[in-house]
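Undergrad: Right, I'll just put the structure down here and ask away after.
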Amino acid sequence: MNDILWTPTKERADASTMAEFERFLKDQRGLTFDDYNAMWEWSVTDLDGFWSAIWDYFDVQASAPYTTVMAKRQMPGAEWCPGAMLNYTDQIMKHVDSQPDGDALIVQSETFGRKRLSWSELRAQVASVAAHLRDMGVTKGDRVVAVLPNTETAMIAFLATASIGAIWSLCAPDMGHVAILDRFKQIEPKVLIAQDGYVHAGKTVDRREILAGLEAALPSLVQCVTVPFVGDLPKGHMAWDSLLDRDAPYESTQVPFDHPLWIVYSSGTTGNPKPIVHGHGGIILESAKQSLHHDLRRGGRYCWLTSSGWIMWNSQFTALGQGTTVAMFDGAPNYPDMGVIWRFVADEKLDFFGAGAAFFSGCMKAGLTPRDEVDLSALRSLGSTGSPLSSDAYDWIYAQVKEDVWLAPISGGTDLAGAFVLGHPGMPVRAGEMQCRALGNAVRAFDEDGNDLTGVVGELVCTEPLPSMPLFFWGDDDGSRLHDSYFDTYPGIWRHGDWIEINENGGSVIYGRSDATINRKGLRLGSAEIYQAVEGLDEVMDSLVVDLEFLGRESFMPLFVVPAQGVAFDDAFKDKINAAIRKNVSARFIPNEIIEVAEIPRTLSGKKLEVPVKKLLLGQDPEKVVNRDSMANPDSFDFYVAYANARATQKD
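Taking this note's numbering, the leading residue of the sequence shown gets 18, the next gets one more, and so forth.
Here it is, written out as structure tokens:
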């Protein structure tokens, strides 16, 4: 196993919410466990017992109880908590009366500056917007969509929508017109809420033309609401601020456990994005359970650096649902310099901060030393996701951010609005590993024949239902698209599409997407191992590798690298990369060619576009392998198209 980098004190472990939950299980259910793995085994075996304990411990607000926890224990098609009537927003609003003047939201926006919203102000504004939505004719089951940045406006609009039983869907304002339309046209929204522009990296971005195009292309709309910044209010639109004027009581529409809450989307980089529908009750339970693994509680101050187009935006409600203050950052994370986020963490005295792995790697490559530059005395916990966090980044965090911090990377996905593997506040942190499998989540590593693996890389699967698994895909009337997405490989078992290794202690390492597997002369490998070796070099800023398997001839594995500033792309540089791969991975995985690039193409959530690049280089149509409107840096793909064309010409 990897080296231990941090171990909690007994005092910290005993004070965690996870430890409190264990004491609850002992006192209220008579359950004790020898260790976490025994507790996890119980949680994925006795699903009724575990999820009912989560319900009781977190005091789920329901106007009618469930008749049984699981009516159908199958995948797909699991049926949870029939009879229960509830509303997701009640789980958040129950915290208002105990801390009415406390901070609910802190927003640092490059566009609007800093704002603070108390719990009582949050409830009042949610109630006001909900009343206006009702006046617009929005009722239970209608769709309200938004194109908004990561600010309080989106949070309030979502809670107002959910409180009346309508269904929410959100896109980030930096997404392309086609990407947004590909999502929203599938669900026929009744109301659109949008901000007409924003400031990013010191530059004003005008989105009025794109928003007008959206309005024209969505005939189901009955009302548009605008947050004006760059221009006047369009004719027929309502101003967002006018929705905040109503002195209305907070009221929630009670809905069944499996009533749709929101629609989120797959990345949409290689086809029409899947509109994934999650339910009120499932998200309540998953969020509550995940808060144990994040050690969240009332009085804490939490931030996850996220775009509003990423599922981590939704995860902010995990903290809010525990009465935790949520600090939101809306702006460029590297403007005016890479230290802006760490100054934000220090200034807001955050005790939990999370970000994509690429952010931490970028800070490491830039030579930042936050521990010497800002006061991080309040910071207790760090989270990471989006892609595997390298062992080097673990080392950098403990050396240059804070020695006594709990680093708890997670891996999950939009598909289940949660995590498969993640952290535990009472366990040691090992370099490059996620600490444990999530409670209630029956995560395994399978080989091709469906055999359970330990200490060997395999397909990440989930062998038991989760309440937050998709209810359905919007428009997928016969369920075939849902089935083909997760259940076509192992019948009745969720296949997520990641490579994972789970060790005998339950710790795990994610090795990248299983559909981007490197297969060199019969030896299979996840791309993350190559990235760790290559990007561990100071001379390399970023990289992408694909393995092209051709019928009737040898495979070809190109490695694309972004050299650090001032580094010469010469034979000595390439030799150093090859030596790192030979030493840390295997000589079998020396690339056929190393190519210099300016950027690695990424999704809006920061994932490398391995599969689209692979398909492109195998000869597929550039217009079909990727939807550029779903990319964070769409122009970067031009190089790969040109490279593919040049290779095709050479072969001809």
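Where a beta carbon is used, it is the ideal one built from N, C-alpha and C, also for glycine.
(1) Using the C-alpha atoms, what's the distance from residue 301 back to residue 569?
(2) For residue 413, which residues of its own chain have a beta-carbon under 8 Å away from its beta-carbon, when the five flanking residues on both sides are left out?
(3) May I ask you to report which of helix, strand or coil DSSP gives residue 261?
(4) Using the three-state DSSP reduction, which class does residue 269 fall into: helix, strand or coil?
(5) In terms of residues, what are the limits of the alpha helix (DSSP H) holding residue 42?
(6) How should residue 353 be labelled, buried or exposed, when 16 other C-beta atoms within 10 angstroms of its C-beta is the threshold for buried?
(7) Given residue 54, which residues of its chain have a CB within under 6 Å of its CB, disregarding the five upstream and five downstream residues?
(8) Could you have a look at residue 286 and say whether DSSP puts it in helix, strand or coil?
(9) Would you kindly work out how many angstroms separate the C-alpha atoms of residue 294 and residue 192, rounded to a whole number?
(10) Can you tell me which of 547, 513, 519, 550 puts its alpha carbon nearest to the alpha carbon of residue 670?
(11) Is residue 145 buried or exposed, if buried means 16 or more other CB atoms sit within 10 Å of its CB?
(12) Taking three-plus beta-carbon pairs below 8 Å as touching, is the segment 444 to 454 in contact with the segment 631 to 644?
(13) Can you tell me which of the three DSSP states residue 464 falls into?
(14) Please report the Cβ distance between residue 527 and residue 545, rounded to the nearest whole angstrom; I am assuming they are in contact, meaning their Cβ atoms lie under 8 Å.
(15) Given a cut-off of 8 Å, decide if residue 299 and residue 136 are closer than it, judged by their beta-carbon atoms.
(16) Does DSSP put residue 226 in a helix, a strand or coil?
(17) Give the single residue among 594, 602, 337 whose Cα lies nearest to the Cα of residue 173.
(18) If I follow the unbroken beta strand (DSSP E) through residue 611, where does it start and stop?
(19) Whole angstroms is fine: what's the gap from residue 81's alpha carbon to residue 28's?
(20) What did DSSP end up calling residue 75 once you bin it into helix, strand or coil?
(21) Closest to residue 309 by CA distance: which of 33, 629, 634 is it?
(22) Counting only runs of 4+ residues fully inside the segment 84 to 159, write out the alpha helix (DSSP H) ranges in chain order.
(23) Whole angstroms are fine: how far does the CA of residue 252 sit from the CA of residue 428?
(24) Do the segment 161 to 168 and the segment 319 to 329 touch if we need at least three Cβ pairs shorter than 8 Å?
(25) Taking the alpha-carbon positions, what's the residue 503 to residue 488 distance?
(26) Check this for me: beta carbons of residue 297 and residue 272, under 8 Å apart or not?
(27) At which residues does the alpha helix (DSSP H) containing residue 548 begin and terminate?
(28) Would you tell me roughly how many angstroms separate the C-alpha atoms of residue 237 and residue 177, rounded to the nearest one?
(29) How should residue 609 be labelled, buried or exposed, when 16 other C-beta atoms within 10 angstroms of its C-beta is the threshold for buried?
(30) Smallest Cα separation from residue 615: which of 283, 560, 637, 601?
(31) Taking the DSSP output, what are the residues bridged to residue 401?
(32) Among 90, 85, 108, which residue has its Cα nearest to the Cα of residue 77?
(33) Can you check which of these residues, 507, 248, 418, is closest to residue 390 by C-alpha distance?
(34) Closest to residue 471 by CA distance: which of 525, 79, 420, 142 is it?
(35) Use the C-beta contact count for residue 371: other C-beta atoms within 10 angstroms, 16 or more gives buried, fewer gives exposed.
(36) Between the segment 345 to 359 and the segment 121 to 130, do at least 3 Cβ pairs fall closer than 8 Å?
TA: Based on what the coordinates show:
(1) Reliability of the predicted coordinates at residue 569 is poor, the pLDDT of 47 falling under 50, and the value obtained from them is presented with this limitation in mind. So the two alpha carbons sit approximately 52 Å from each other.
(2) 377, 380, 381
(3) helix
(4) coil
(5) 34 to 46
(6) exposed
(7) 523
(8) Note that residue 286 scores a pLDDT of 49, beneath 50, so its modelled location is shaky and nothing firm can be said.
(9) 21 Å
(10) In the structure as shown, the chain begins at 18 and stops at 669. Residue 670 is therefore absent and cannot be evaluated.
(11) buried
(12) no
(13) coil
(14) 7 Å
(15) no
(16) helix
(17) 337
(18) 610 to 613
(19) 39 Å
(20) coil
(21) 33
(22) 107 to 110, 136 to 152
(23) 45 Å
(24) yes
(25) 13 Å
(26) yes
(27) 544 to 552
(28) 20 Å
(29) exposed
(30) 560
(31) 372
(32) 108
(33) 418
(34) 525
(35) buried
(36) yes
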